[in-house]
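Here it is as structure tokens:
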């Protein structure tokens, strides 16, 4: 995760969480089998631009 967030520099993450939580979906909406099928996980991120 840290490697991926490094690409957002100089923006700073205010929130990073699984997309299902961000969208208010029920637990288990995306199963481990679903994630394995894609070979990736999806997250929501809210970034803040630093002030000068």
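Numbering (my numbering), first residue to last: 45 to 96.
Positions of the beta carbon are idealized from the N, C-alpha and C atoms, including for glycine.
Only a predicted model underlies this, so the values are computations on that prediction, with no experimental measurement involved.
- For the pair residue 57 and residue 71, the Cα-to-Cα distance works out to about 24 Å.
- If you check the CB distance, residue 91 and residue 52 come in under 8 Å.
- Per DSSP, the beta bridge partners of residue 56 are 92.
- In this structure, residue 66 places its C-beta atom within 8 Å of the C-beta atom of residue 88.
- Residue range 76 to 82 is occupied by the alpha helix (DSSP H) that includes residue 81.
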